[in-house]
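Trainee: There's a structure below that I have some questions on.
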Amino acid sequence: MAKQAEIDYIKNIGGESVYEAHIEKPFPFDECGSLLSEIGAVISLLPPPPARLLDLGCGSGWTSVFFAKRGYEVMGVDIAPDMIQLAEQNKERNRLENLSFIISDYESLNFDNEFDVVVFFDSLHHAEDETLALEKAFKSLKKGGFCIAAEPGRGHEKKSTVVDVVNKYGVTEKSMPPKKIIKIGKKIGFTRFKKYPHFNSLNKLIYGKHVYEKKWLNKIRKCEFLNALASFFLIYFYKRYSGITVMKK
Numbered sequence: 163m164a165k166q167a168e169i170d171y172i173k174n175i176g177g178e179s180v181y182e183a184h185i186e187k188p189f190p191f192d193e194c195g196s197l198l199s200e201i202g203a204v205i206s207l208l209p210p211p212p213a214r215l216l217d218l219g220c221g222s223g224w225t226s227v228f229f230a231k232r233g234y235e236v237m238g239v240d241i242a243p244d245m246i247q248l249a250e251q252n253k254e255r256n257r258l259e260n261l262s263f264i265i266s267d268y269e270s271l272n273f274d275n276e277f278d279v280v281v282f283f284d285s286l287h288h289a290e291d292e293t294l295a296l297e298k299a300f301k302s303l304k305k306g307g308f309c310i311a312a313e314p315g316r317g318h319e320k321k322s323t324v325v326d327v328v329n330k331y332g333v334t335e336k337s338m339p340p341k342k343i344i345k346i347g348k349k350i351g352f353t354r355f356k357k358y359p360h361f362n363s364l365n366k367l368i369y370g371k372h373v374y375e376k377k378w379l380n381k382i383r384k385c386e387f388l389n390a391l392a393s394f395f396l397i398y399f400y401k402r403y404s405g406i407t408v409m410k411k
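Here it is as structure tokens:
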């Protein structure tokens with residue numbers, strides 16, 4: 163089953179060394195800069211603290227720690243017991259009293275009008291039933307609350323690396339563009355919708371490793387006009403296919 167594969171994923175891909183990396187996430191990862199820029203974008207979109215925040219698919223709890231340090235009352239949810247164990251360690255070493263965790267798959271949650279904001283940070287695309295997951299998020303929100311989803315966009319599930327992971331480990335990987343999330347959100351009952359570009363895409367575009375690239379590619383990326391054009395495209399056009407989605411209840 164795909165859900166059991168999600169539970170066992172970290173153990174299956176490497177065990178102890180992978181656990182150690184995940185408890186320090188995002189810092190040991192090559193995409194650290196992109197992850198930090200993306201979580202910064204999400205934090206900028208949150209209602210001001212104090213507010214109750216539900217972090218769905220929190221993994222080792224690194225996103226939950228960021229939210230809690232910002233001043234939110236945070237509950238992190240993850241399907242994998244070993245990830246929640248790491249999350250509890252993260253909570254303890256950061257001495258955060260405004261942070262708690264539960265083991266659950268977010269399609270089975272039963273909160274009702276309890277949270278001001280729900281966040282899916284790179285997690286909704288692992289849901290077996292994304293409609294049910296969003297329904298549970300909607301139900302958990304207070305009137306006027308927000309659901310924020312920062313998810314991989316169009317074409318994600320067709321990437322060769324993603325296909326290899328699915329075939330090898332049996333996990334769920336789906337493309338989850340804002341266009342798709344909003345379509346589901348309208349049926350569920352969300353009333354307002356907004357799309358934003360992935361800030362990590364802009365991060366890669368503007369702050370990519372120009373020094374280490376081939377000279378011809380470096381010249382292209384150094385061109386201010388082309389960079390501005392690409393940034394404009396990401397901000398105004400491509401965000402419907404790959405971006406951060408905000409929906410209001």
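In my numbering, the protein residues as written are 163 to 411.
Heads up, the beta-carbon is just placed ideally off N, CA and C, and yes, glycines get one too.
Note that the structure is predicted; figures quoted are calculated from it, not measured.
What are the boundary residues of the beta strand (DSSP E) that Glu290 is part of?
Mentor: Per DSSP, Glu290 belongs to no beta strand (DSSP E) and is neither H nor E.
Trainee: In angstroms, rounded to a whole number, what distance separates the CA positions of Ile205 and Tyr171?
Mentor: Distance between the alpha carbons of Ile205 and Tyr171 is about 28 Å.
Trainee: Glu168 and His287 - do their beta-carbons sit closer together than 8 Å?
Mentor: Not closer than 8 Å, so no.
Trainee: Going by DSSP, name the residue or residues bridged to Thr407.
Mentor: Its beta-bridge partners are Ala311, Lys357.
Trainee: How would you call Val325, buried or exposed, if buried means at least 16 neighbouring beta carbons within 10 angstroms?
Mentor: It counts as exposed.
Trainee: Look up Asp217 in the DSSP assignment and give the residues it is bridged to.
Mentor: Asp217 is bridged to Gly238, Val281.
Trainee: Starting from Ser226, trace the alpha helix (DSSP H) both ways and give me its first and last residue.
Mentor: Start and end: 224-232.
Trainee: Determine whether the beta carbon atoms of Leu208 and Phe277 lie at a separation below 8 Å.
Mentor: No, they are not a contact pair.
Trainee: Starting from Ser270, trace the beta strand (DSSP E) in both directions and tell me its first and last residue.
Mentor: Run containing Ser270: none; DSSP gives neither H nor E here.
Trainee: Report buried or exposed for Pro210, applying the criterion of at least 16 other Cβ atoms within 10 angstroms of its Cβ.
Mentor: Classification of Pro210: exposed, given that the 10 Å Cβ count is below 16.
Trainee: Buried or exposed: which applies to Thr353, given that a residue is buried once 16 or more other Cβ atoms fall within 10 Å of its Cβ?
Mentor: Thr353 should be labelled exposed.
Trainee: Bridge partners of Ser262, per DSSP?
Mentor: Beta-bridge pairing links Ser262 to Met237.
Trainee: Which term fits Val373, buried or exposed, when burial requires 16 or more other beta carbons within 10 angstroms of its beta carbon?
Mentor: At Val373, the pLDDT of 46 sits below 50, so the modelled position is not reliable; the number obtained from the coordinates is stated separately. Counting Cβ neighbours within 10 Å, Val373 comes out exposed, since fewer than 16 surround it.
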